[in-house]
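Yeah, the sequence shown ends on 158 if you go by UniProt numbering, and it's all consecutive.
Beta carbons are placed, not taken as given, at the ideal position from N, Cα and C, and that holds for glycine.
Note sheet for the following structure.
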Amino acid sequence: MRKRQAKKRPLLPDPRFNDQLVTRFVNNMMWDGKKSVAFKVFYDAIDIVDEKKTDEEKTALETWKDALSNVMPHVEVRSRRVGGATFQIPMQIRPDRKISTAMKWLIMFARKRNEKSMAQKLAAEILAAAKEEGAAVKKRVDTHKMAEANKAFSHFRF
C-alpha cells in the first residue's frame, strides 16, 4: 500500500478559551491565511452572542457549542452507481466529519446573511442555530429528510 492515511496534526488550543474546537472553527473560517483576523471575527461574534443570548446560565461558548451540535448531521446521502443507475444511499457519518460539516455549514450560511460585519453575521447564525432555527439547521433537516426518503436503497451500502 503506497498511499498512506495522512497523519492528523495536533491543533493548538485557542488563546482565550483554551479549546481546540475553537481553533478548528477559526481555521475553517480563515481566508488567505489571515488567522489573527479570523480569531478577531470569532471572538467579536462570541461577545455579541454573550450580549444577545437569552439563556443566562450558559456561557457564550456553550451557546456556540449547542449551535454546532444542532447543525451536526447524523446521516447523509452518498451517490453510488449500481448497474448503470446512480442511487443516493443514506449512510452514517464519521464523528470528525459530522463536526467539520457542521462548522462549514455554520460559516457558509453566516456569510450569506445580510448583517453589517462578519462577526454580526456569525453571531446571528449561532444564536439562530442554538434555538434550532436558521439556514444551517434547515440544511441539516433537509439532509436528514433526503436520507429518510432514500432509505429504500440502504441495502446497496458498501
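Asked	Found
P90 - partner residues in DSSP beta bridges	V77
Rounded C-alpha distance that separates K35 from F42	10 Å
Range of the contiguous alpha helix (DSSP H) that encloses A123	118–130
Distance, A147 Cα to G83 Cα	21 Å
Identified DSSP bridge partners for A38	Per DSSP, none; premise fails for A38.
CA-to-CA distance, P95 to D47, given in whole angstroms	28 Å
Terminal residues of the alpha helix (DSSP H) in which N150 lies	Element bounds for N150: n/a, residue is neither H nor E.
Rounded C-alpha distance that separates K53 from A85	49 Å
Residue of V141, F156, F153 minimising C-alpha distance to H74	V141
For A45 and A119, believed in contact at Cβ under 8 Å, the rounded distance	4 Å
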